[in-house]
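J.: Below you will find the structure I want to go over with you.
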Amino acid sequence: MNFEQFVGQCPLVAILRGLAPEEALGMGQTLVDAGFSIIEVPLNSPRPFESISILQESLGRRALIGAGTVLSTDAVDSVAAAGGKLIVMPHCNTKVISYAKSLGLYCVPGIATPTEAFAALDAGADALKLFPAESAAPAVVKAMLAVLPKSTRILPVGGIAPDTMVDYWAAGAAGFGLGSALYKAGMSVDQVGTNAAAFIEAINVLKQS
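Residue numbers (numbering that gives the first Met the number 0): 0 to 208.
If you want it as structure tokens, here you go:
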């Protein structure tokens, strides 16, 4: 599947910050079984490239696996070497975006302003990570989408919970990145499974609205 198909299947990005390689398979399997199809391992996690490799090898046919907190072209190379297909960034560095695209990877850079949004799209971004969402109301999403190309996907990230997605979705958000409300270091597989089910239930309701 391509990026659009993965987002269409489930527009939620599981951000597994703090994931250790030893728990990667169990957590990844739990998320995919719950209905997730995009998984991101931030590079400030323990041995992230090992986790990405494990997830890609075991779940790469069912989910889009990649890295978050990607800050440089060297990091892009390392993600690609580990088998990752997705580059997620907290910032809008057009050099990193263009480089990721040149390797055939999907790229979702972080943006907070229309200027950054247009620059990211010009560099080839597949979607835009509105970050941090805590500082950008749903009205910001609606205003940006009014001037950005119609095919633009904005994914709010930061402080998203099952009950906070509705207003962003109504404003035109195409999906969400989910952090500590879904997973944080030390959580059990069962707890993550419960959290995942709550998010899947909430997004399915929104998709039908």
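Think of the CB as a built atom: it goes at the ideal place given N, C-alpha and C, for glycine as much as any other residue.
(1) Which residues share a DSSP beta bridge with Lys128?
(2) How would you call Gly103, buried or exposed, if buried means at least 16 neighbouring beta carbons within 10 angstroms?
(3) Measuring only the C-alpha atoms, how far is Phe5 from Met26?
(4) Confirm, please, whether the CB-CB distance from Ala62 to Val31 is below 7 Å.
(5) Should Ala122 and Ser101 be called a contact, given that it needs their Cβ atoms to be closer than 7 Å?
(6) Assuming the contact rule is C-beta atoms closer than 8 Å, Val69 and Ile86 should be a hit. Round their C-beta distance to whole Å, please.
(7) Which runs of the alpha helix (DSSP H) at least 4 residues long sit entirely within the segment 161-201? Give them in chain order.
(8) Nearest CA to the CA of Leu181: which residue from Ala172, Leu205, Val156, Gly83?
(9) Name the two residues that bound the continuous alpha helix (DSSP H) containing Ala62.
(10) Is Leu18 closer than 7 Å to Ser57 when the C-beta atoms are compared?
(11) Would you identify the three-state DSSP class for Ala66, choosing helix, strand or coil?
(12) Give the single residue among Val95, Cys106, Ala142, Ala99 whose Cα lies nearest to the Cα of Thr112.
(13) What is the C-beta distance between Ala79 and Cys106, in whole angstroms, given that I count them as a contact (C-beta under 8 Å)?
(14) Contact check, Pro41 vs Arg16 under 8 Å by CB: the rounded distance?
(15) Quick check on DSSP: helix, strand or coil for Pro89?
(16) Under 8 Å by Cβ, that's how I've got Ala33 and Ala196 pegged, so tell me the actual separation to the nearest angstrom.
(17) Check each candidate in Phe117, Ala170, Ile38, Pro89 and name the one with the smallest Cα separation from Gly83.
(18) So for Leu102, helix, strand or coil by DSSP?
T.: Well, looking at it:
(1) Gly109, Leu154
(2) exposed
(3) 19 Å
(4) yes
(5) no
(6) 5 Å
(7) 164-170
(8) Val156
(9) First-last for Ala62: undefined, no H or E at that position.
(10) no
(11) strand
(12) Ala142
(13) Rounded, the Cβ-Cβ distance is 12 Å, inconsistent with contact.
(14) 4 Å
(15) DSSP places Pro89 in coil when its eight states are reduced to three.
(16) 6 Å
(17) Ile38
(18) Three-state DSSP puts Leu102 in coil, outside helix and strand.
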